[in-house]
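K.L.:
Encoded as structure tokens, here's the structure I'll be asking about.
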Amino acid sequence: MRLTKLAAGIALATLSASAVAGGPLYILDKTMQPYKWDTSKGAIPVWTDGGKLIQDKDGNEVQSFTVLEKGTKYNLDITLPDGTVLPKNTALDRDYTFLTIEQANAITAKAVAEWSNVETSTLDMVLAGTIASQTGMADVNASNVDQIYGAENGYGFWVNYDTDGSILENYFGISRSQVLGIAFPEWADEETGEILEATALMNGWYVDINDTKGEMVQGVFTHEFGHALNMSHSQANGHFTYAATNAYRLYDGVPGCPGTTGYTGRNSIPADSIETMYPFINVRGNEGRQQGTVNVRDDIVNISDLYPTAEYKTNYGTIKGKLFTKNGVEYAGMNMVARNLDNPLYDVITQQSGNMSQGRIGLDGSFTINGLTPGGRYALYMDPIIAGGYPTTPTGILSENEYWNEGESASPATDHHCDMTPIVVAGGETKEVAMYFNGYTNGIQYTPLVGAWVNDFAKNGKTAFGVTHGGTPFLYSSMHKTFETLTFNGFAVLKATTAAMNKNATKAAVIADLDRDGIGQGAVWDIRSNKLTVLKDPSNNTCAISSQSGISSHSIWDIDDLGQTVVGNSRKPRDGGNECAPGQAAYSYGVPTIWNAQTGEPTLLTDGIEFIQRPGSTLIEAWIHGNRKEAWVRADKISGNGRTVTGSGNNNLTQLAWVDGKLKDLYGEYGALNSSVISSDGKYVAFGAQDGFGRRAFGKGVQVWNADTNEITHLGGLRWCDDVPNTYCYSPYYMTHDEIAETSGLPLNMVLDANDDLSLITGRILINGTPAGSSIYMKGLGWMTGQSFFAKQGVVEAKNAMTNGILGVSGNGSEMMAGIVGLPTPLTIDINANKAFVCNNGVDQELAFPKQVVEAVKGGAQFGRCAHVNDSY
């Protein structure tokens, strides 16, 4: 018999506002089956710990699980179980017992009974005695705990009571204020997969002061003991209490479908309907008490799957299935939910796709849901995991949430996400299903790139440049869907925050610390030869400032199509001259600059700008044509031919332009704000415009300035109420777009990128400065929200990951990169729009986008697929 120590992964119950746990389900590689206790040997013996000796009010020494420590003050009167009253706001004169070891053993006994009394499981545990009787240790504590975790102690389940949290802090290195418990199977027979020994550590220090009977901490005991039996987490109802809010409703089915209820957080479901193995436990309320019971089918089925009785599978039904992407590739990590329509909160069973292989055998979308009530009507649907540790990595929805139905397919036209066929099975019957994410394999393709943020998208539409969540720069090929991380022998890793590529992705303007002195400098990277050419610094790298890219003497923003000209900012000392004094690198200000990429020589864009000291301050301000001032100005975009440069000022990113080096104040003359886009030939500049700020702002839509003739063309914008929500659209006002626009103008639209001739422009809707959605302009069709654009094209993948800004557009407008501002982790969306659909006399036509699609719509066709032309997400 070969033994293995399984404690490489530890099941923690940690505390934030409530308790979070992370428990592994161990799989024996040899058989790809879970490790299990051998229940044919009889009841598993449970050995319990002693505790610290504390004198009670009568001077008797009591073994204690929870101790109120000497010197602690509480802001309320406390009556201890033995009748002692501790007045509020009084420092305790000694240690006092709060919960005794006797009470802890009662909590342990209840948790043991909850799992042992499941009728369809053979699992049985029994309190067999004390750890002291087996090892001689009357109290497992920080001084001797290594004799428990560092040794084989014998068959059974060993429950340690960490009275003061010292084991957590001194052995595990975890704060006692953050962890409620630790449990895991520790030793097993590697040949058979039999669990031989498991341990649990229960934190006696963190028990709520109102929990005088240990009822609220019961959920932690029962939950952790589930991990010791090799049970993982599950998500059936717990997220309705612990994760949902009024602004983030969660549903017991597919959102927006008939019969589905939306939940808003605590008290929105009965506490006793929360599954014990949900990753959160509130030890300060009724939830902790109720999660101490095993009464929800999800927990009952999961323990019965590990330790089934002979009658279990013959008396109950099964769903056996696989989850596939729209392309037919198996997909692991998705929570698959079977919910009884007639008892939805208590008769619900979940399993992750691929949870029996945990990614060890490649792509695996398999799931098996046992324990279905015979004759019950079950809705089967997919639901992403919200939080918690799982042995199979949770994955996101690739498309829209949907139900399974008899006509299940990947086609959004024939398989509506609300179409649902109840699954009814008899005892012993298995229903086999295949479930697909909805999505078309033709037309516009919408592919999320998780954990990646694209900074620039080459105008050839083939290559993107960005950074991972951890800050590592990468190149992404949209043709091959592959990533290449960027490192350089002899050089520091590139700072890619504002890096930009030329049209064919052969060169990039970057920030790199070439001499490794901690100060980044502008450079041009030849991508093919992997060489860096330094861009010279007017201050000889004596002036620098800290930014998103780290400390650098340059700010690099853009490069022209041929890779010949780079645009950004260099720095000058505030007190004059060309170089900053030692130690005064940040005592400088930025100056818009262009560089010759071949020679590295800089040219300062100072036409029309005077840099002067602010009165009564050492700060430098930029005066624009002597008419208005900005705290700073920068140059951040350049046309494909290098002729025209645009930039921003500090005040709401007011827009400037330099044409052949001559300054044009686009904000001062036209109200241009936030950002601008330039045609490849440098002739046209488009921008969102408004007069005034705040409540007095008047939106003027998007305008195009002709750099040759100085003419302005109005492109209009989106409509209030129809496209963009506004308080005045609803009760009690019920105003129309025209009525709102009369006093407020058009919704503010921040342009983000465009194709070469500006016949396609993308933008971001802003409401009070906050991103409120994406927008897209097609010449001849006008403006459309991103929600309408993707909905009409049937791009259901966008529904749960709708971009609020298309930040990169290829030169011909058929490839895009988009993002979602506000996510905790970066996400970029690769959009292939080479082909899109129009509906012509009720027939779908797939055409080249954008030109053929626009011409067809101008000729009378409807934009979008026939089945979706009226859709909007």
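Counting in numbering that gives the first Met the number 0, the final residue of the sequence shown is number 872, and the numbers go up one at a time with none missing.
Where is the CB? At the ideal position from N, CA and C, for every residue including glycine.
1) Classify Tyr874 as helix, strand or coil using the three-state DSSP reduction.
2) Closer than 6 angstroms by C-beta to Tyr160: which residues in its own chain qualify, once you throw out the five before and the five after it? Chain order, please.
3) For Gln597, which option in Trp524, Cys579, Gly567 has the closest C-alpha, if you only look at C-alpha atoms?
4) Look at the alpha carbon of Thr784 and the alpha carbon of Ser773, and state the distance between them as a whole number of angstroms.
5) Is DSSP giving Gly762 helix, strand or coil here?
6) Determine the DSSP secondary structure at Trp719, reduced to helix, strand or coil.
7) For Gln612, is the classification buried or exposed, using 16 other Cβ atoms within 10 angstroms of its Cβ as the cut-off for buried?
8) Asp351: buried (16+ other C-beta within 10 angstroms of its C-beta) or exposed?
9) What three-state label does DSSP hand Glu274 in the structure shown?
10) Helix, strand or coil: which one does DSSP assign to Ile360?
11) Here's the rule: buried if 16 or more other CB atoms are within 10 angstroms of the residue's CB, otherwise exposed. What is Val328?
12) Would you grab the beta carbon distance between Gly332 and Pro393 for me? Rounded to a whole angstrom, and I think it's under 8 angstroms.
13) Just to confirm the assignment: which complete alpha helix (DSSP H) runs, minimum length 4, are found wholly within the stretch 94-144?
14) Between the stretch 404-420 and the stretch 438-453, do three or more beta carbon pairs fall short of 8 angstroms?
15) Gln62 bridges to which residues according to DSSP?
16) Assess, as a yes-or-no matter, whether the stretch 529-542 is touched by the stretch 568-578 under the definition of 3 or more beta carbon pairs within less than 8 angstroms.
17) Answer with buried or exposed for Tyr247, where buried requires no fewer than 16 other C-beta atoms within 10 angstroms of its C-beta.
18) From Gly762 to Val750, what does the alpha carbon distance come to, in whole angstroms?
19) Between the C-alpha atoms of Ala433 and Ile555, what's the straight-line distance to the nearest angstrom?
20) Kindly identify the DSSP beta-bridge partner or partners of Thr263.
21) Nearest-angstrom Cα distance between Gly353 and Gly164?
22) Would you identify the three-state DSSP class for Ile384, choosing helix, strand or coil?
23) On a Cα-Cα basis, can you pick out the residue from Ile510, Val61, Asn140 that is closest to Glu101?
24) For Asp341, collect the residues of the same chain with a Cβ closer than 8 angstroms to its Cβ; drop the 5 residues on either side in sequence, then sort them by chain order.
25) Whose CA, out of Ser787, Asn811, Ser809, lies closest to the CA of Thr802?
26) DSSP state of Arg570, grouped into three classes?
27) So, at 8 angstroms on beta carbons, what are the nonlocal neighbours of Thr505 in its own chain, with the 5 sequence-adjacent residues on each side left out?
28) Answer yes or no: do Glu814 and Asn831 have a C-beta to C-beta separation smaller than 8 angstroms?
29) Looking at the structure shown, is Glu620 part of a helix, part of a strand, or coil, going by DSSP?
30) Looking at the unbroken beta strand (DSSP E) that takes in Val808, where does it start and where does it end?
31) Can you give the Cα-Cα distance for Ala187 and Asn143, rounded to whole angstroms?
32) Quick one: give me the first and last residue of the beta strand (DSSP E) that Glu431 is part of.
33) Could you pull out every unbroken alpha helix (DSSP H) segment of at least 4 residues lying fully inside the stretch 779-831, listed in chain order?
34) Quick check on DSSP: helix, strand or coil for Gly863?
35) Report buried or exposed for Gly22, applying the criterion of at least 16 other Cβ atoms within 10 angstroms of its Cβ.
36) Determine the extent of the beta strand (DSSP E) in which Leu665 is found, giving its start and end residues.
P.N.:
So, to answer that:
1) The chain is shown from 0 up to 872; residue 874 falls before or after that span and cannot be answered.
2) Asp48, Gly50, Phe64, Ala103, Met201, Gly203
3) Trp524
4) 6 angstroms
5) strand
6) strand
7) exposed
8) Before going further, note that residue 351 is Gln rather than Asp in the sequence given. Classification of Gln351: buried, given that the 10 Å Cβ count is 16 or more.
9) coil
10) coil
11) exposed
12) 5 angstroms
13) 100-115, 130-134
14) yes
15) Leu52
16) yes
17) exposed
18) 4 angstroms
19) 50 angstroms
20) Answer is none; Thr263 lacks a bridge partner.
21) 37 angstroms
22) coil
23) Val61
24) Gly375, Arg376
25) Ser787
26) strand
27) Asp525, Ile526, Arg527, Gly562
28) yes
29) strand
30) 804-808
31) 23 angstroms
32) 429-435
33) 785-791
34) coil
35) For Gly22, the predicted structure reports a pLDDT of 37, less than 50, and the residue's modelled location is therefore unreliable. The matter cannot be settled from this model.
36) Careful: Leu665 lies outside any beta strand (DSSP E), inside the alpha helix (DSSP H) at 665-669.
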